[in-house]
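> Quick note on numbering: the sequence shown equals residues 21 to 152 in this note's numbering. Structure below; questions to follow.
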Amino acid sequence: MKKIYISCHPKERNIIKVKEMIDFLKKNEVDIKFHDRSSQEENQDNRLDFIENCDVFITVLSNNYKSNSRLLFELDYAKSLRRVRTHIGENQKPKIFGLKTSSFNQLNCFVDLTDIIWADNSLGKENLLSLL
Numbered sequence: 021m022k023k024i025y026i027s028c029h030p031k032e033r034n035i036i037k038v039k040e041m042i043d044f045l046k047k048n049e050v051d052i053k054f055h056d057r058s059s060q061e062e063n064q065d066n067r068l069d070f071i072e073n074c075d076v077f078i079t080v081l082s083n084n085y086k087s088n089s090r091l092l093f094e095l096d097y098a099k100s101l102r103r104v105r106t107h108i109g110e111n112q113k114p115k116i117f118g119l120k121t122s123s124f125n126q127l128n129c130f131v132d133l134t135d136i137i138w139a140d141n142s143l144g145k146e147n148l149l150s151l152l
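Right, here's the structure in full:
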């Protein structure tokens, strides 16, 4: 079973585009994890374990993304894992997908968005589907 980590603010889980993605993933019988914000210190190691072991990392980008240090850290950590694993010849995971909300303004975003496969378009969804 493929493991997917979705990096987003809990409020963003109710956005239609995000709900549709979650429903799509559940239909394909994948193990979906979100970071539990109830106890950040206790769950820090769990969050890193989930990211290290996931096959796919999906970041949900909104205008609030650049000011949320937890989300920025998660994306940076996933990208770093992928770079290191690729460099040493291991499997190239996690595959990193992005889902833009309607409020996301790429021009105002200071996040490095290279190497992200956009799941908003049909090509991104096909790539995601091929991994499941």
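C-beta atoms are modelled at their ideal positions from N, C-alpha and C, and glycine is treated no differently.
Could you tell me the distance, in whole angstroms, from the CA atom of Glu49 to the CA atom of Cys28?
In the sequence shown, the residue the question calls residue 49 occupies position 29. In the sequence shown, the residue the question calls residue 28 occupies position 8. Taking the straight line from one Cα to the other gives about 20 Å.
> Determine which residues share a DSSP beta bridge with Leu119 and list them.
Mapped onto the sequence shown, residue 119 falls at position 99. Leu119 pairs with Val80.
> Less than 6 Å between C-beta atoms, sequence neighbours within five positions excluded: which residues of the same chain meet that for Thr121?
One-based indexing of the sequence shown puts residue 121 at position 101. The answer, listed in chain order, is Ile35, Ser82.
> List the endpoints of the continuous beta strand (DSSP E) containing Lys53.
Taking the first residue of the sequence shown as 1, we reach residue 53 at position 33. It spans 51-53 - the beta strand (DSSP E) in which Lys53 sits, taken as one unbroken run.
> Any idea what DSSP makes of Ser59, helix, strand or coil?
Position 39 of the sequence shown, counted from the first residue, corresponds to residue 59. With a pLDDT of 49 at Ser59, under the threshold of 50, the predicted position of this residue should be treated as unreliable, and no value is reported.
> Could you tell me the distance, in whole angstroms, from the CA atom of Lys115 to the CA atom of Asp75?
On the sequence shown, position 95 is the one that residue 115 refers to. On the sequence shown, position 55 is the one that residue 75 refers to. Each residue's Cα considered, the two are about 6 Å apart.
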